[in-house]
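**Q** Before anything else, here's the structure in question.
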Amino acid sequence: QKEVEQNSGPLSVPEGAIASLNCTYSDRGSQSFFWYRQYSGKSPELIMFIYSNGDKEDGRFTAQLNKASQYVSLLIRDSQPSDSATYLCAVLPGNQFYFGTGTSLTVIP
Amino acid sequence: TAGITQAPTSQILAAGRSMTLRCTQDMRHNAMYWYRQDLGLGLRLIHYSNTAGTTGKGEVPDGYSVSRANTDDFPLTLASAVPSQTSVYFCASSDGGDIQYFGAGTRLSVL
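Given below as structure tokens:
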């Protein structure tokens, strides 16, 4: 079992819709959770991090964490074509980061 | 601010040859990391260093070595490259917190 699991997609949403990206993790001791965005041919860039159960909002992005169910999600409101990218979930159970394989999102104009 | 600089940007390497991928950061971050990214497998940690003078093995360390002589530099060496090491390599750093910053990557093809 992989440490971090993501649906690889592709996920397609129309412009202006809400995109929902999900991630599950295996290590219950994980305390820190991250979402990175990666455009094709580019390096990952951090867009959200969350440490506590519940929701964390930053602009159009909301991260949701449920430690009991071991999942973390990312909601993108009012999706824009510029949001089209691969989204990587990352977990820090100890001193080593584990990344999911990423979910490819396409926002259709 | 340059952040993290990786070199070369891309390289084609004959199997059996050695190569060092360079990584330099100017943010004075203590921790540095090397990842490889392969289609369908995501980012996997090769080696890491929590501070100058120390290194540790990640998820896929075989065939790679690293050194951390100072805070800024964290080179990754392939002693005898094999085709399965064809990948995109990313160097990253963090300031001791949880947030990592990534370099632009090195695309390596081993033939």
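Quick note, the sequences are listed as chains A and B, same order. Just so we're aligned, residue 410 is where the first sequence starts under the working numbering, counting upward by one. Just so we're aligned, residue 41 is where the second sequence starts under the working numbering, counting upward by one. The beta-carbon is built from N, C-alpha and C at its ideal position, and this holds for glycine as well.
(1) Would you identify the three-state DSSP class for B/Gln-125, choosing helix, strand or coil?
(2) Any beta carbon from chain B within less than 8 angstroms of A/Phe-470's own beta carbon?
(3) Verify the CB distance criterion: does B/Asp-102 have a CB-CB separation below 8 angstroms to chain A?
(4) Using a C-beta cutoff of 8 angstroms, does B/Tyr-129 count as contacting chain A?
(5) Along the region 455 to 466 of chain A, what residues have a CB closer than 7 angstroms to any CB found in chain B?
(6) When you compare the region 55 to 69 of chain B with the region 110 to 123 of chain B, are there three or more beta-carbon pairs, one atom per stretch, that lie closer than 8 angstroms?
(7) Is the Cβ-Cβ distance between A/Ser-482 and A/Gln-473 less than 8 angstroms?
(8) Quick check: is the beta carbon of B/Arg-139 nearer than 8 angstroms to any beta carbon in chain A?
(9) Taking the alpha-carbon of B/Tyr-88 as reference, which of B/Gly-80, B/Ala-121, B/Gln-140 has the nearest alpha-carbon?
(10) When you compare the CB of B/Ala-144 with every CB in chain A, is at least one pair closer than 8 angstroms?
(11) From A/Gly-463 to B/Gln-46, what does the alpha carbon distance come to, in whole angstroms?
(12) Does B/Gly-93 come within less than 8 angstroms of chain A when only Cβ atoms are used?
(13) Assign A/Pro-453 to buried or exposed, taking buried as 16 or more other Cβ atoms, counted over all protein chains shown, within 10 Å of its Cβ.
(14) Indicate whether at least one CB of chain A lies closer than 8 angstroms to the CB of B/Leu-116.
(15) For B/Tyr-73, which beta-bridge partners are listed by DSSP?
(16) Could you tell me the distance, in whole angstroms, from the CA atom of A/Ser-513 to the CA atom of B/Met-67?
(17) Taking only beta-carbon atoms, is B/Gly-82 less than 8 angstroms away from chain A?
(18) Between B/Gly-56 and chain C, is the shortest Cβ-Cβ distance under 8 angstroms, so that the two count as touching?
(19) For A/Ser-439, would you say it is in contact with chain B, using Cβ-to-Cβ distances shorter than 8 angstroms as the test?
(20) Give me the Cβ distance between A/Gln-447 and A/Gly-509, rounded to the nearest whole Å; I'm assuming they're in contact under 8 angstroms.
(21) Three-state secondary structure (DSSP) at A/Ser-421?
**A** Quick answer:
(1) Secondary structure at B/Gln-125: helix, using DSSP grouped into helix, strand and coil.
(2) No - not a single Cβ of chain B is within 8 angstroms of the one on A/Phe-470.
(3) Not one chain A Cβ lies under 8 angstroms of B/Asp-102.
(4) Taking 8 angstroms as the threshold, the shortest C-beta distance from B/Tyr-129 to chain A does not fall below it.
(5) Identification of residues in the region 455 to 466 of chain A having a C-beta nearer than 7 angstroms to some C-beta of chain B yields Leu-455, Phe-458, given in sequence order.
(6) Yes: the two stretches touch, three or more of their Cβ pairs being nearer than 8 angstroms.
(7) Yes, the Cβ-Cβ distance between A/Ser-482 and A/Gln-473 is below 8 angstroms.
(8) According to the sequence provided, residue 139 of chain B is Ile. The question's Arg does not apply to it. Taking Cβ atoms only, chain A reaches closer than 8 angstroms to B/Ile-139, which makes this a yes.
(9) The alpha carbon of B/Tyr-88 has as its nearest neighbour, out of B/Gly-80, B/Ala-121, B/Gln-140, the alpha carbon of B/Gln-140.
(10) Yes, B/Ala-144 lies at the interface with chain A (some Cβ there is under 8 angstroms from its Cβ).
(11) Approximately 37 angstroms, taken between the alpha carbons.
(12) No, its Cβ sits nowhere closer than 8 angstroms to a Cβ of chain A.
(13) By the neighbour-count criterion, in which a residue is buried when 16 or more other Cβ atoms sit within 10 angstroms of its Cβ, A/Pro-453 is buried.
(14) Under the 8 angstroms criterion on CB atoms, B/Leu-116 is classed as non-interfacial with respect to chain A.
(15) According to DSSP, residue pairing for B/Tyr-73 in a beta bridge involves B/Tyr-88, B/Ala-132.
(16) A/Ser-513 and B/Met-67 have their alpha carbons spaced roughly 31 angstroms apart.
(17) For B/Gly-82, the closest Cβ of chain A is nearer than 8 angstroms.
(18) The structure shown has no chain C; the protein chains it does contain are A and B.
(19) Taking CB atoms only, A/Ser-439 has no neighbour in chain B less than 8 angstroms away.
(20) Not really, about 12 angstroms apart at Cβ, beyond 8 angstroms.
(21) Residue state, collapsed to three classes: strand.
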